[in-house]
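Colleague:
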Amino acid sequence: MLAYIGKVVILFTATIAGLHLMGKSALLKISPHHLVAIVMIATIATHPMLADDGKQTLLGVLLIILIHWIFTKLSLHKATKRFLVGDPSILVKHGKIVKRNLRRSDISLIELLAHIRSKGYPDLRDIQYAILEPTGDLTVLPKDELYPVTPEVLNLPANKRDIALSLVVDGQIQARNLQFIGKDVHWLKEQLQKKGFQDIGKVFYAATMEHRDDLFVDDGKGYQA
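As structure tokens, this is what we get:
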């Protein structure tokens, strides 16, 4: 019986550690110990053959509930909060991509841009901060100047917002988007050279607005042009 209890405790803790190693993107807006508790209760409850008898199955479910309660309490304390919950990661700061944090969080640039667009911000330069929360959710904070009085309040017609089209993502040319705006690779290289980038492979992100030739370049290391 003690061996079974020990096995449940070890599996619970090891699974949480594994989820942390997988990165915040795997958490899907749920904390590790909540997810592990749900998965393990379902596994033990629906597969009693994993235990020696029905009593061990019931004991396993009760143990996980108890462990989950303990971990929830521990997550409120500073000493254990970082391991159980994790820390938020800044992915965009003052309109610039923090490439190091992006890599550490196992989030691709394409995923980041998609999340930011889903928040209603097509242009990366409009973002003051984009923060990946410990739950896996992305918090997007626009720059202060994007909090003006709305046209609706002034009874004015709203201007149409262009969408930012990615032309280079992690050193790779996005040929479809180039074709969409009626440009070619030669034009792109010329624009990048004007910005001081001779090698496309060193460009982490480059984009332009749909109806403008305003090229925006980010090397992922804090330099923009």
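With UniProt numbering applied, the sequence shown covers 1 to 225.
Don't be surprised by glycine CBs; every beta carbon is placed ideally from N, CA and C.
1. Who are the Cβ neighbours of Asp-184 in its own chain at under 8 Å, not counting the five residues just before and after it?
2. Do you know offhand how far Ser-89's Cα is from Ser-105's?
3. Could you check whether Leu-132 and Leu-91 sit closer than 8 Å to each other, using their CB atoms as the reference points?
4. Compare the beta carbon distance of Lys-194 and Asp-219 with 8 Å and say whether it is the shorter of the two.
5. Cα-Cα, which of Ile-64, Ile-181, Ala-114 is closest to Leu-138?
6. If we count the other Cβ atoms within 10 Å of its Cβ and call it buried at 16 or more, is Thr-80 buried or exposed?
7. Whole angstroms is fine: what's the gap from Thr-46's alpha carbon to Thr-72's?
8. How about Leu-165 and Ala-207: are their beta carbons less than 8 Å apart?
9. Report back the beta-carbon spacing between Leu-93 and Tyr-121 to the nearest angstrom; my notes put them in contact at under 8 Å.
10. How is Val-39 classed by DSSP in three states: helix, strand or coil?
11. In whole angstroms, what is the alpha-carbon distance linking Ile-116 and Ile-10?
12. Using a 10 Å radius around the Cβ and a threshold of 16 neighbouring Cβ atoms, would you call Leu-109 buried or exposed?
13. Can you look up Ile-97 in the DSSP assignment and give me helix, strand or coil?
14. Which two residues bound the contiguous beta strand (DSSP E) that contains Ser-166?
15. Report the CB separation of Pro-134 from Asp-87 in whole angstroms; it is logged as a contact under 8 Å.
Modeller: Quick answer:
1. Leu-178
2. 8 Å
3. yes
4. no
5. Ala-114
6. exposed
7. Any reading at Thr-46 must be qualified, since the residue scores a pLDDT of 49, below 50, and its modelled position is unreliable; the value itself is stated next. If you take the alpha carbons of Thr-46 and Thr-72, they lie about 24 Å apart.
8. yes
9. The displayed chain sequence assigns Lys, not Leu, to residue 93. Not really, about 15 Å apart at Cβ, beyond 8 Å.
10. helix
11. 38 Å
12. buried
13. strand
14. 164-169
15. 7 Å
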